[in-house]
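Chemist: This is the structure I want to talk about, given as structure tokens.
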Amino acid sequence: RFDAAVAQFNASAWAVWALFEDHAALRDALYAVVDARGPEPDEMQQEVEGLAATSKLPVKFVQGVQALYELQTLMVPIVNFSKADNMSFAPEPLPEKYAALADLPWRGPGCTGIVALNSEDGTVAHARNQDFSPIPLFRPLVYEGVFKRNGSELFRSEMLAGYVGILTGYRPGSDGYVIERNTRYTDHKGGNREMLQNLLDGRALAGWSFRKILEDESTYDEAFARVSSVPIVATEYAIMSGVGKGHVIARSPDGVAHLQTLGVAGGGEPADYVIITNFDFFWGDVREWFDPTGGKIGHPRRIAAQKLLNATLAAGEPLTPAVLNATINADGVLADTIFQAVANVEKGVWDVAKPAVP
15 RFDAAVAQFN
25 ASAWAVWALF
35 EDHAALRDAL
45 YAVVDARGPE
55 PDEMQQEVEG
65 LAATSKLPVK
75 FVQGVQALYE
85 LQTLMVPIVN
95 FSKADNMSFA
105 PEPLPEKYAA
115 LADLPWRGPG
125 CTGIVALNSE
135 DGTVAHARNQ
145 DFSPIPLFRP
155 LVYEGVFKRN
165 GSELFRSEML
175 AGYVGILTGY
185 RPGSDGYVIE
195 RNTRYTDHKG
205 GNREMLQNLL
215 DGRALAGWSF
225 RKILEDESTY
235 DEAFARVSSV
245 PIVATEYAIM
255 SGVGKGHVIA
265 RSPDGVAHLQ
275 TLGVAGGGEP
285 ADYVIITNFD
295 FFWGDVREWF
305 DPTGGKIGHP
315 RRIAAQKLLN
325 ATLAAGEPLT
335 PAVLNATINA
345 DGVLADTIFQ
355 AVANVEKGVW
365 DVAKPAVP
């Protein structure tokens with residue numbers, strides 16, 4: 015299934031493995047996660063083993079990196095002291111057996127998602143930056159996957175070679191949809207421990223669960239219901255757009271922590287758009303002010319993007335796909351971006367590209 019991707023991207027995948035091969039404690043910690051989880055769902059495990067066999071990479075390594083998004087939630091060193099109940103908490107240390115996971119080669123925060131109503135034609139546009147650092151390690155792994163059933167296309171997704179889950183997927187159709195995934199950091203004390211326990215207990219990984227949703231569900235509402243309710247390992251945001259619809263679903267492992275709905279003003283957003291990066295700004299999450307990825311600390315990517323969007327609206331101009339594209343490419347918004355997408359389900363638009371940055 016992924017033979018063509020392996021043939022094209024194997025050298026880049028081996029560059030990631032080299033960082034684990036040279037760091038025995040990190041490799042052993044990742045392998046300990048794999049041992050605790052056991053096999054993934056049958057189809058996923060077959061794909062993992064097939065990737066390993068074709069690429070000649072260790073099976074445990076290929077299986078372990080399927081949790082890259084879940085493990086990403088650990089990568090924030092800032093105390094959150096501004097949730098709705100004003101509770102403060104710092105990220106709790108990992109158990110000694112898994113402590114080396116703090117040395118994972120990928121870093122965040124990252125990602126920006128915007129879903130907006132284009133008043134020019136009444137359709138909904140969706141723009142996203144997929145950020146993953148370091149760029150030289152991850153951008154060479156990016157490709158577009160086209161998933162088919164009986165020869166007919168079901169959906170498309172931007173993919174990372176070696177990772178079988180989806181990052182941003184597009185299911186075309188008269189009631190189709192786009193699903194984008196963004197890292198969301200835990201919102202309560204003990205959240206990292208809960209995430210790690212879910213991971214070790216073998217709970218299905220979100221990238222795989224959302225891929226199955228794209229395979230199985232042809233309508234927005236059916237997909238929305240499953241995205242909102244499927245048990246997942248870690249907190250994360252699911253950003254959805256469709257025909258006349260859009261949501262940002264702030265997921266907890268067992269449900270929905272918060273919902274932003276296109277067309278409903280609130281939390282510092284007008285009714286014209288919903289936006290999210292990686293922080294619960296609607297609860298005053300101070301951590302976004304310590305995020306340096308927009309260029310410097312104290313200048314959150316979300317606020318930089320909202321200034322541009324709000325200025326467009328104040329000028330009486332529509333939030334067109336071109337405006338959204340310019341916004342996600344603007345200084346202070348573009349970060350460690352490895353790919354971008356601009357989509358409009360109603361018009362059948364799915365434009366994906368790697369940004370023209372170093």
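Basically my numbering = 1-based index in the sequence shown + 14. Glycine is no exception: its CB is placed at the ideal position from the N, C-alpha and C atoms.
1) Classify A318 as buried or exposed, calling it buried when 16 or more other Cβ atoms lie within 10 Å of its own Cβ.
2) Between the C-alpha atoms of D145 and V20, what's the straight-line distance to the nearest angstrom?
3) Would you say P72 touches the ligand NAP, meaning its beta carbon is less than 7 Å from a heavy atom?
4) Are there 16 or more other CB atoms within 10 angstroms of the CB of N206, so buried, or fewer, so exposed?
5) Excluding sequence positions up to five away, which residues of its chain have a Cβ less than 8 Å from the Cβ of Q80?
6) For the region 126 to 139 and the region 149 to 158, state whether three or more C-beta atom pairs, one from each stretch, are separated by less than 8 Å.
7) Can you tell me whether G330 is buried or exposed, with buried defined as 16 or more other CB within 10 angstroms of its CB?
8) Counting C-beta neighbours from all protein chains within 10 Å, is the total for S255 16 or more, i.e. buried, or is it exposed?
9) In this structure, how does DSSP classify K162 when only helix, strand and coil are distinguished?
10) Apply the 10 Å Cβ neighbour rule to D299 and answer buried if 16 or more other Cβ atoms are within range, or exposed otherwise.
11) Give a yes or no on whether the C-beta atoms belonging to T137 and K368 are separated by under 8 Å.
12) Quick one, are the C-beta atoms of L401 and L88 less than 8 Å apart?
13) Between the C-alpha atoms of Y251 and L82, what's the straight-line distance to the nearest angstrom?
14) For L88, does the three-state DSSP call read helix, strand or coil?
15) Taking DSSP's pairing of strands, which residues face Q144 in a bridge?
16) Roughly how many whole angstroms lie between the Cα atoms of F304 and P314?
17) Please go through the region 181 to 247 and give each complete beta strand (DSSP E) segment of 3 or more residues, from N-terminal end onward.
18) Between the alpha carbons of V359 and R185, how many angstroms are there, rounded?
19) Residues in its own chain within less than 6 Å of G190 by CB, not counting five upstream and five downstream?
20) Using three-state DSSP, classify V79 as helix, strand or coil.
21) Report yes if the CB atom of V363 is closer than 8 Å to the CB atom of N339, and no otherwise.
22) When you compare each of G204, M209, L168 and T200 to V192 by their alpha carbons, which one comes out closest?
23) Looking only at C-alpha atoms, which of V270, L65 and R142 sits nearest to E194?
24) With DSSP as the reference, label F304 as helix, strand or coil.
25) Where does L12 fall in DSSP's three states?
26) Return the bridge partner residues of G256 from the DSSP annotation.
27) What residue from L85, S166 and V160 has the CA that sits closest to P123's CA?
28) Taking D42 as the reference, which of E110, D56 and S26 has the closest Cα?
29) From P91 to D235, what does the alpha carbon distance come to, in whole angstroms?
30) Can you list, in chain order, the residues of its chain with a C-beta nearer than 8 Å to that of G281? Leave out the 5 residues immediately preceding and following it.
31) Report all residues from its chain with a CB closer than 8 Å to the CB of L214; omit the five preceding and five following residues, and keep chain order.
32) Check this for me: beta carbons of V262 and I253, under 8 Å apart or not?
33) Which value, in whole angstroms, describes the spacing of the CA atoms of V30 and V278?
34) How about L322 and D286: do their beta carbons lie closer than 8 Å?
35) Let me know if N164 comes out buried or exposed under the rule of 16 or more other beta-carbons within 10 Å of its beta-carbon.
36) Return the first residue and the last residue of the alpha helix (DSSP H) that L338 is part of.
Modeler: Result, derived from the coordinates:
1) Taking the sequence shown and counting its residues from 1, the one referred to as residue 318 is at position 304. A318 is buried by the Cβ-count criterion.
2) The sequence position of residue 145 within the sequence shown is 131, counting from 1. The sequence position of residue 20 within the sequence shown is 6, counting from 1. So the two alpha carbons sit approximately 22 Å from each other.
3) Judged by which ligands are present, the structure shown has none, so any question about the ligand NAP falls away.
4) To locate residue 206, count along the sequence shown from 1; it is residue 192. Result: buried.
5) Locating residue 80 in the sequence shown gives position 66, where the first residue counts as 1. Around Q80: E54, M58, V62, Y177, V178, G179, L219, G221 and W222.
6) no
7) Working through the sequence shown from its first residue, we reach residue 330 at position 316. So G330 ends up on the exposed side.
8) The sequence position of residue 255 within the sequence shown is 241, counting from 1. It is buried - the Cβ of S255 has at least 16 other Cβ atoms within 10 Å.
9) Working through the sequence shown from its first residue, we reach residue 162 at position 148. Looking at K162 - three-state DSSP - the assignment turns out to be strand.
10) The count along the sequence shown starts at 1 and reaches residue 299 at position 285. Buried.
11) Position 123 of the sequence shown, counted from the first residue, corresponds to residue 137. Position 354 of the sequence shown, counted from the first residue, corresponds to residue 368. No, Cβ-Cβ distance for T137 and K368 is not below 8 Å.
12) As shown, the chain starts at 15 and ends at 372. That puts residue 401 outside it, with no answer to give.
13) Taking the first residue of the sequence shown as position 1, residue 251 is located at position 237. Taking the first residue of the sequence shown as position 1, residue 82 is located at position 68. So the two alpha carbons sit approximately 15 Å from each other.
14) Here residue 88 refers to the residue found at position 74 of the sequence shown. Coil.
15) As a first step, residue 144 is located in the sequence shown; it is residue number 130 there, counting from the start. Paired residue(s): F353.
16) In the sequence shown, the residue the question calls residue 304 occupies position 290. In the sequence shown, the residue the question calls residue 314 occupies position 300. Going by the C-alpha atoms only, they are around 8 Å apart.
17) 182 to 185 and 191 to 197
18) Position 345 of the sequence shown holds residue 359. Position 171 of the sequence shown holds residue 185. Each residue's Cα considered, the two are about 8 Å apart.
19) Within the sequence shown, residue 190 is the residue found at index 176, counting from 1. The answer, listed in chain order, is V359.
20) Position 65 of the sequence shown, counted from the first residue, corresponds to residue 79. Of the three classes helix, strand and coil, the one that applies to V79 here is helix, per DSSP.
21) Taking the first residue of the sequence shown as position 1, residue 363 is located at position 349. Taking the first residue of the sequence shown as position 1, residue 339 is located at position 325. Against a cut-off of 8 Å, the Cβ pair of N339 and V363 comes out as no contact.
22) The residue you call residue 192 lines up with position 178 of the sequence shown. Measuring from the Cα of V192, the nearest candidate turns out to be L168.
23) Mapped onto the sequence shown, residue 194 falls at position 180. Closest option to E194, Cα to Cα, is R142.
24) Along the sequence shown, one-based indexing puts residue 304 at 290. Of the three classes helix, strand and coil, the one that applies to F304 here is helix, per DSSP.
25) Within the shown structure, residues of the chain are numbered from 15 to 372, placing residue 12 beyond reach of any answer.
26) For the purposes of this step, residue 256 is taken as the residue at position 242 of the sequence shown. Per DSSP, Y191.
27) Here residue 123 refers to the residue found at position 109 of the sequence shown. The shortest Cα separation from P123 among L85, S166 and V160 belongs to L85.
28) Against the sequence shown, residue 42 aligns to sequence position 28. It is E110.
29) Within the sequence shown, numbered from 1, the residue matching residue 91 stands at position 77. Within the sequence shown, numbered from 1, the residue matching residue 235 stands at position 221. Below a pLDDT of 50, predicted positions are generally treated as unreliable, and P91, at 47, falls in that range; no measurement from the model is reported.
30) The residue labelled residue 281 in the question sits at position 267 within the sequence shown. Counting only Cβ-Cβ distances below 8 Å, and skipping sequence neighbours, we find Q274, F295 and F296.
31) Within the sequence shown, the letter at position 200 stands for residue 214. The residues are V47, A50 and R51.
32) In the sequence shown, residue 262 corresponds to position 248, counting from 1. In the sequence shown, residue 253 corresponds to position 239, counting from 1. Contact flag set, yes.
33) Residue numbering aside, residue 30 sits at position 16 when the sequence shown is read from its first letter. Residue numbering aside, residue 278 sits at position 264 when the sequence shown is read from its first letter. So the alpha carbons of these two residues sit roughly 43 Å apart.
34) Position 308 of the sequence shown, counted from the first residue, corresponds to residue 322. Position 272 of the sequence shown, counted from the first residue, corresponds to residue 286. No, Cβ-Cβ distance for L322 and D286 is not below 8 Å.
35) The residue you call residue 164 lines up with position 150 of the sequence shown. It counts as exposed.
36) Taking the first residue of the sequence shown as 1, we reach residue 338 at position 324. Residues P335 to I342.
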